[in-house]
Amino acid sequence: MTSRNVVLIILDTVRKDYFDKYAHRIRDRADVSIENGRAASSWSVPSHASILTGELPHVHGIHTHDRYFDNLSREQTFLSSLPDHIALGASANVFASATFGFDSVFDDYSDIAQHRRFPEGMDMERFIQTREREGLLRFWEFIDAARRTDHPLQSLANGITFKLDDLMLKLPLPKLTDDGAKLVKREALRKVEEHSEPFFLFTNFMDAHAPLKHLLGFDKSMHSAPYGWSSRDFEQWRVILDGIDEDNEADVQNHRELYACAIDYLDRQVSAFIDEVQQQTERETTFVITADHGENLGFEGDNGLFGHTNSLTEALLHVPFDIVNPPGDEEREISEYVSHLDLGELIVEFAGGNLAVPTHDSIPAEVIGSGVGDPPNDDTEYWDRMIRCAYRGDTKIEWDSQGGSYRYSLDPDRPSWQELDAEDVSVPSWASEHFKGDVAELKERAMAQESSREVDATTEERLKDLGYM
């Protein structure tokens, strides 16, 4: 049987309930819908590592305390089981980039960033941080520097779009450019055109990730946020620590509405991308659409949390998991649990022309540390704890490195939702058997082995903007 192309589409930070409501184009294209797909961790770094390796964070060792992928070999990933496929990638996620070594297991990979929309051109953030001149002097210095590069037109385009983005953030106007969706599509399609088949293509779309602001391409009928409003305008930690009140209620609503708009926008962009890849390829191509994790939006079922601050709520772990054009012609909906730990195996099966979705009665997830900046109080140890959970039926058991343990009820008719049943519960063997080692000891060990590497100033600014520092 002829090998198939496989495209993995990561809709970064997209939770299942919002996806079901606002991504109807993708849903309509899906031949197989996995209704109980779960991420293996709750933020980008450990989740992406688990997708590549099929291992939990305490096994693969890529997490809050060591965020780098460059010690990961291709042989440790599912890509080693695709020897006939060229591995391609295009990502707007700073963690899934060359900066953190994510590109090392791919054959051809492109990073997309706000300050470098054309990867061949100059990095505008780096240019600015290495210059002291201001105004016209800096402008002429930029023109001269762009002229001297191997790709002067792309460098000039980076400078123009960078300045426009900066102006749009300061004015009560919609953003003109998205957070990378169109450029990820462009780079991905270019790679598909340039390389032979069969291929595996990884893509990461960041447009649903905070900070959120109205984009010219958003459907204005879906939100009431002022054009000049941005989620930078309110303190999300205040929502987490103090709850939603009359001072932040409008901001929370604006954020939720723009989050929905971003998913609707991604739905349009990704659906068109799927169609374009199918038109451009000779072999059959299977598309797997999922998210590395979801997002807390301050709902009761989110435990009142916001963003993806250290937790394992259903808002973070219950992710979309749809398959377009799988092998065979059977359309179906899968209600059993499917974990991202099996995603690599699933991709390998698709590449070989087999429709084999590994389902389980029980699955685990884990996070080691917060992955985000410190809270504005003294309880940093709580927010940086290690957490584990396991699912079976409509029950979820969760426990952490501070000795907390909880039992939650789930409802198959309410995606991204959970309800606390009891605290201080005994962790049953069916839950603990998914894991190795004691959670408190592993947390201490991970902290002791924390990476001392520092990111450059450009990456630091990007991470601050995304809320990770």
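If you read the sequence shown in our numbering, its first letter stands for residue 1, the second for the next number, and so on. Glycine included, every Cβ here is placed at the ideal spot set by N, Cα and C.
With DSSP as the reference, please indicate the residues paired to residue i in a beta bridge.
{"i": "residue 382", "result": "Answer by DSSP bridge pairing: none, since residue 382 is not bridged."}
{"i": "residue 391", "result": "363, 396"}
{"i": "residue 550", "result": "The displayed coordinates of the chain run from 1 to 469. Any statement about residue 550 would go beyond what the structure contains."}
{"i": "residue 99", "result": "Its beta-bridge partners do not exist; DSSP assigns none."}
{"i": "residue 209", "result": "Paired residues: none, contrary to the question."}
{"i": "residue 230", "result": "213"}
{"i": "residue 175", "result": "215"}
{"i": "residue 285", "result": "5"}
{"i": "residue 290", "result": "10, 321"}
{"i": "residue 355", "result": "Residue 355 pairs with nothing; no bridge assigned."}
{"i": "residue 306", "result": "297"}
{"i": "residue 143", "result": "In DSSP, residue 143 forms no bridge with anything."}
{"i": "residue 63", "result": "66"}
Just reading off the alpha helix (DSSP H) that residue i is part of, what are its end residues?
{"i": "residue 44", "result": "44-53"}
{"i": "residue 263", "result": "249-280"}
{"i": "residue 347", "result": "343-351"}
{"i": "residue 28", "result": "24-29"}
{"i": "residue 38", "result": "No alpha helix (DSSP H) holds residue 38; the beta strand (DSSP E) holding it covers 32-38."}
{"i": "residue 439", "result": "439-448"}
{"i": "residue 184", "result": "181-194"}
{"i": "residue 76", "result": "Careful: residue 76 lies outside any alpha helix (DSSP H) and carries neither H nor E."}
{"i": "residue 430", "result": "429-432"}
{"i": "residue 59", "result": "57-60"}
{"i": "residue 242", "result": "236-242"}
Could you tell me how far apart the beta carbons of residue i and residue j are, in whole angstroms, since I believe they sit closer than 8 angstroms?
{"i": "residue 56", "j": "residue 435", "result": "7 angstroms"}
{"i": "residue 254", "j": "residue 238", "result": "The Cβ separation is near 15 angstroms, so there is no contact."}
{"i": "residue 318", "j": "residue 294", "result": "6 angstroms"}
{"i": "residue 241", "j": "residue 377", "result": "7 angstroms"}
{"i": "residue 203", "j": "residue 9", "result": "5 angstroms"}
{"i": "residue 201", "j": "residue 7", "result": "5 angstroms"}
{"i": "residue 77", "j": "residue 393", "result": "No, residue 77 and residue 393 are not in contact; Cβ-Cβ is about 32 angstroms, not under 8 angstroms."}
{"i": "residue 65", "j": "residue 49", "result": "Not confirmed; about 13 angstroms, so no contact."}
{"i": "residue 289", "j": "residue 322", "result": "5 angstroms"}
{"i": "residue 342", "j": "residue 54", "result": "7 angstroms"}
I'd like the list of long-range same chain contacts for residue i, defined as Cβ closer than 6 angstroms, with 5 residues on each side in sequence excluded.
{"i": "residue 112", "result": "92, 180, 183, 184"}
{"i": "residue 104", "result": "70"}
{"i": "residue 108", "result": "88, 191"}
{"i": "residue 209", "result": "12, 13"}
{"i": "residue 315", "result": "15, 294, 296, 302, 416"}
Would you give the residue range spanned by the beta strand (DSSP E) that residue i belongs to?
{"i": "residue 407", "result": "405-409"}
{"i": "residue 89", "result": "86-91"}
{"i": "residue 470", "result": "As shown, the chain starts at 1 and ends at 469. That puts residue 470 outside it, with no answer to give."}
{"i": "residue 332", "result": "332-339"}
{"i": "residue 201", "result": "199-205"}
{"i": "residue 322", "result": "321-324"}
CB-CB under 8 angstroms to residue i, same chain, minus the five flanking residues each way: which ones, in chain order?
{"i": "residue 67", "result": "45, 95, 100, 451"}
{"i": "residue 264", "result": "22, 23, 218, 219, 222"}
{"i": "residue 193", "result": "280"}
Using a Cβ-Cβ cutoff of less than 7 angstroms, which residues in the same chain neighbour residue i once the five nearest sequence positions on both sides are dropped?
{"i": "residue 215", "result": "174, 175, 178, 265"}
{"i": "residue 146", "result": "122, 152, 155, 156, 159"}
{"i": "residue 252", "result": "239, 244, 298"}
{"i": "residue 339", "result": "38, 40, 360, 363"}
I'd like to confirm something about residue i: is its beta-carbon nearer than 8 angstroms to some heavy atom of the ligand NAD, or not?
{"i": "residue 285", "result": "The model depicted lacks the ligand NAD and carries no ligand whatsoever."}
Count the C-beta pairs between the stretch 181-189 and the stretch 269-276 that are closer than 8 angstroms, then say yes if the count reaches three, no if not.
-> yes
Does the stretch 380-387 come close enough to the stretch 417-425 to have 3 or more Cβ pairs within less than 8 angstroms?
-> no
Any 3 or more C-beta pairs closer than 8 angstroms across the stretch 403-420 and the stretch 16-25 | yes
Are three or more beta carbon pairs between the stretch 355-370 and the stretch 298-312 nearer than 8 angstroms?
-> yes
Inspect the CB distances between the stretch 323-341 and the stretch 225-235 and report whether three or more fall short of 8 angstroms.
-> no
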